Amino acid sequence: MTSSVDGRPALLGGHCKLCGTRMFPKTTICPACAGETIEDVALPQEGVLYSFTDVYVGLKGLVAPAAIGYVDLTDGVRIFTHLERDGHDLIIGQTVVLKALDQPRGNAEHSYAPFVFVPTAAIHEGIA
Amino acid sequence: MRGVSVIGVGTIPFGKYPHLGLTDLGWPAVKAALTDAGIDGRRIQAGYCGTMFGGTMAGQRIFSRAGISAIPIVNVENACSSSSTALNQAVVAIRADVYDIVLVLGVEKLTRFGGGTLPLDEEDWEVQQGLTMPALYAMRAKRYMHEFGLTREQLAKVSVKNRGNGVFNPDAQMRKAVTAEDVLSARMIADPFTLLQCCPTGDGAAAVIVCASTIANQFRSDPIYIVASDLTSGRYTVGFRDMTIPEITVRGAREAYEEAGISPDDVDVAEVHDAFSIAEPLYYEAFGFCPRGEAGRLLDAGETEIGGRIPVNPSGGLLARGHPVGATGTAQVAEIVRQLRGECGARQVPDAKVGLSHATGGGIAGFDHGACCIHMFTR
Numbered sequence: 013m014t015s016s017v018d019g020r021p022a023l024l025g026g027h028c029k030l031c032g033t034r035m036f037p038k039t040t041i042c043p044a045c046a047g048e049t050i051e052d053v054a055l056p057q058e059g060v061l062y063s064f065t066d067v068y069v070g071l072k073g074l075v076a077p078a079a080i081g082y083v084d085l086t087d088g089v090r091i092f093t094h095l096e097r098d099g100h101d102l103i104i105g106q107t108v109v110l111k112a113l114d115q116p117r118g119n120a121e122h123s124y125a126p127f128v129f130v131p132t133a134a135i136h137e138g139i140a
Numbered sequence: 007m008r009g010v011s012v013i014g015v016g017t018i019p020f021g022k023y024p025h026l027g028l029t030d031l032g033w034p035a036v037k038a039a040l041t042d043a044g045i046d047g048r049r050i051q052a053g054y055c056g057t058m059f060g061g062t063m064a065g066q067r068i069f070s071r072a073g074i075s076a077i078p079i080v081n082v083e084n085a086c087s088s089s090s091t092a093l094n095q096a097v098v099a100i101r102a103d104v105y106d107i108v109l110v111l112g113v114e115k116l117t118r119f120g121g122g123t124l125p126l127d128e129e130d131w132e133v134q135q136g137l138t139m140p141a142l143y144a145m146r147a148k149r150y151m152h153e154f155g156l157t158r159e160q161l162a163k164v165s166v167k168n169r170g171n172g173v174f175n176p177d178a179q180m181r182k183a184v185t186a187e188d189v190l191s192a193r194m195i196a197d198p199f200t201l202l203q204c205c206p207t208g209d210g211a212a213a214v215i216v217c218a219s220t221i222a223n224q225f226r227s228d229p230i231y232i233v234a235s236d237l238t239s240g241r242y243t244v245g246f247r248d249m250t251i252p253e254i255t256v257r258g259a260r261e262a263y264e265e266a267g268i269s270p271d272d273v274d275v276a277e278v279h280d281a282f283s284i285a286e287p288l289y290y291e292a293f294g295f296c297p298r299g300e301a302g303r304l305l306d307a308g309e310t311e312i313g314g315r316i317p318v319n320p321s322g323g324l325l326a327r328g329h330p331v332g333a334t335g336t337a338q339v340a341e342i343v344r345q346l347r348g349e350c351g352a353r354q355v356p357d358a359k360v361g362l363s364h365a366t367g368g369g370i371a372g373f374d375h376g377a378c379c380i381h382m383f384t385r
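In the order they appear, the protein sequences are chains A and B.
To convert, count from 1 in the first sequence and add 12; that's this note's numbering.
To convert, count from 1 in the second sequence and add 6; that's this note's numbering.
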């Protein structure tokens with residue numbers, strides 16, 4: 013799922029060798045041109061939060077409410093992702109950044125991919 | 007191409023029937039539709055049964071109880087559009103001269119799952135990551151509120167209106183009126199939706215009998231003419247998608263208006279797919295009942311209430327009638343047919359001559375929705 017770009021973790025998506033379409037997650041066939049040669053590509057770590065919601069019912073294995081949303085990465089790929097605030101507000105239209113986790117989210121029964129997106133400000137704070 | 011008319015509708019009150027199997031939910035609706043049409047079941051030439059979770063051979067199991075067997079029977083699964091798709095297939099077959107008289111049923115038993123959000127297909131990445139239908143609609147709502155300034159109070163008006171209409175619908179699962187305060191203070195499901203902004207799960211069945219318009223008067227003096235039957239699927243995208251525009255419904259509505267040869271101004275009554283409160287205002291815009299971004303104003307002005315300029319969901323919609331997924335499409339059709347016949351009593355839209363029904367659904371990654379089926383009717 014993740015690789016590394018400039019020492020920072022990145023998500024691995026798919027890149028169609030035939031038509032150039034990028035997608036996440038990587039599929040076995042390109043939805044744009046039906047090409048079957050899909051290469052791994054490291055996706056940008058940053059994107060813009062298109063919309064999100066705090067879910068109180070139905071997200072098993074997580075403490076409610078849990079935030080989920082759609083992020084439009086800088087290369088145009090849209091990702092459905094879990095979100096964390098890390099002490100900041102989530103606001104539609106803000107820049108968010110990938111944060112890799114050591115282990116899958118959730119619990120033994122219900123687990124989710126080991127990454128979230130967080131407000132960019134939260135990461136900058138971490139570096140400072 | 008031959009015209010198609012509705013000559014019979016039959017419904018059971020939507021609700022929770024944990025003690026009943028799918029068959030016993032379904033046959034009373036079939037029998038009621040046969041009675042409504044004044045037709046002998048042996049004259050039915052084909053049957054289409056729409057259900058999402060009803061299992062294999064639902065149509066054969068149910069129709070045979072009502073004395074209908076040894077004819078072509080097709081079972082249709084298209085998520086929330088299952089039974090409206092079944093009706094579309096019946097219309098296509100009659101128009102093509104394949105059959106003259108066809109039975110269509112929508113049936114679903116959701117109490118088999120207990121409660122909570124509907125199970126979605128685990129092959130889908132977004133579903134694996136925890137996406138549910140309320141969360142998906144909630145993100146549409148948040149984005150629409152962000153772009154157009156729709157308020158939580160305006161959004162709550164959808165539930166207040168539809169629950170209010172449900173009081174007068176004996177088939178509705180929810181028959182108690184609620185206030186805006188009730189809606190806003192109910193427990194949160196997915197922000198901004200509280201429980202009262204989410205359609206209830208339950209069981210239900212609704213049947214429709216259609217025939218070639220040329221013979222409709224043999225059965226009823228007041229057949230309802232189907233002037234458009236439009237089925238489409240979502241357009242798949244991998245990148246940006248504007249969640250404030252229900253793409254599949256915008257396209258379907260345009261096709262249906264063209265097929266019917268009518269415009270939004272001609273519509274007297276509409277049953278649209280209000281699975282969650284935000285859905286209804288989005289569909290006001292998709293059907294051209296108001297310009298883009300003005301759905302909140304429409305709600306404030308009460309224009310979609312019974313007695314307003316364009317009443318929407320006089321049955322109570324999915325929010326009050328309930329949403330036993332596969333049964334919804336034909337239940338909407340039954341409501342529009344009864345409205346055009348003038349049979350709706352306290353929830354009757356005065357002098358309704360033109361109506362439409364709209365069922366869309368199927369949460370799949372990369373789509374606005376998986377399927378959308380729209381019908382338009384005149385008396």
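Backbone N, C-alpha and C fix where the C-beta goes; we use that ideal spot for every residue, glycine too.
If you're wondering where the values come from, they're calculated on a predicted model, not measured in any experiment.
Bridge partners - residue i, DSSP secondary structure assignment
i, result
"Glu146 of chain A", "It is not possible to answer for residue 146 of chain A, since the shown part of chain A is limited to 13 through 140."
"Phe36 of chain A", "Paired residues: none, contrary to the question."
"Tyr124 of chain A", "A:Arg117"
"Tyr82 of chain A", "A:Ser63, A:Phe92"
"Ala196 of chain B", "A:Val67, B:Phe199"
"Ile107 of chain B", "B:Cys217"
"Phe383 of chain B", "B:Ile232, B:Gly361"
C-beta contact flag for residue i and residue j at 7 Å
i, j, result
"His100 of chain A", "Ala79 of chain A", "no"
"Thr57 of chain B", "Val113 of chain B", "yes"
"Ala85 of chain B", "Ala285 of chain B", "no"
"Thr52 of chain B", "Ala178 of chain B", "At residue 52 of chain B the sequence reads Ala, which differs from the Thr that was named. Going by C-beta atoms, Ala52 of chain B is not nearer than 7 Å to Ala178 of chain B."
"Val89 of chain A", "Glu58 of chain A", "no"
"Tyr124 of chain A", "Gly136 of chain B", "yes"
"Ser90 of chain B", "Cys296 of chain B", "no"
"Pro320 of chain B", "Asn81 of chain B", "no"
"Val273 of chain B", "Leu156 of chain B", "no"
"Gly47 of chain B", "Ala72 of chain B", "yes"
"Gly369 of chain B", "Leu126 of chain B", "yes"
"Asp197 of chain B", "Thr93 of chain A", "no"
"Gly25 of chain A", "Leu55 of chain A", "yes"
"Ala365 of chain B", "His279 of chain B", "yes"
"Ala281 of chain B", "Glu132 of chain B", "no"
Residue-level contact to chain B via CB, residue i, 7 Å cutoff
i, result
"Ala140 of chain A", "For Ala140 of chain A, the predicted model reports a pLDDT of 42, less than 50, meaning its position is unreliable and no value from the coordinates is stated."
"Ala46 of chain A", "no"
"Phe127 of chain A", "no"
"Gly56 of chain A", "Reading off the sequence shown, one finds Pro at residue 56 of chain A, where the question assumed Gly. No, Pro56 of chain A lies away from the interface with chain B (no Cβ there is under 7 Å from its Cβ)."
"Arg97 of chain A", "no"
"Ile104 of chain A", "yes"
"Val69 of chain A", "yes"
"Pro37 of chain A", "yes"
"Gly88 of chain A", "yes"
Nearest-angstrom Cα separation, counted from residue j out to residue i
i, j, result
"Val189 of chain B", "Gln203 of chain B", "7 Å"
"Ala212 of chain B", "Arg146 of chain B", "30 Å"
"Arg118 of chain B", "Phe59 of chain B", "9 Å"
"Ile232 of chain B", "Pro19 of chain B", "25 Å"
"Asp209 of chain B", "Gly120 of chain B", "11 Å"
"Gly44 of chain B", "Lys359 of chain B", "23 Å"
"Ala35 of chain B", "Leu111 of chain B", "8 Å"
"Leu161 of chain B", "Leu61 of chain A", "23 Å"
"Asp130 of chain B", "Gln345 of chain B", "39 Å"
"Phe373 of chain B", "Phe383 of chain B", "28 Å"
"Leu288 of chain B", "Phe127 of chain A", "32 Å"
"Asp236 of chain B", "Ala76 of chain B", "29 Å"
"Arg257 of chain B", "Met35 of chain A", "25 Å"
"Thr255 of chain B", "Ala192 of chain B", "30 Å"
"Pro270 of chain B", "Gly27 of chain B", "41 Å"
CB contact check: residue i to chain A, cutoff 7 Å
i, result
"Val12 of chain B", "no"
"Gly136 of chain B", "yes"
"Tyr54 of chain B", "no"
"Met58 of chain B", "no"
"Gly369 of chain B", "no"
"Gly245 of chain B", "yes"
"Met180 of chain B", "no"
"Lys148 of chain B", "yes"
"Trp131 of chain B", "yes"
"Thr123 of chain B", "yes"
"Asp188 of chain B", "no"
"Ala141 of chain B", "yes"
Entirely enclosed alpha helix (DSSP H) segments - the stretch 29-102 of chain B, minimum 4 residues | 64-71, 88-101
Curious, which full-length beta strand (DSSP E) runs of at least 3 residues does the stretch 265-341 of chain B contain?
-> 275-277
Counting only runs that start and end within the stretch 102-189 of chain B, where is the beta strand (DSSP E) found for 3 or more residues in a row?
-> 107-115
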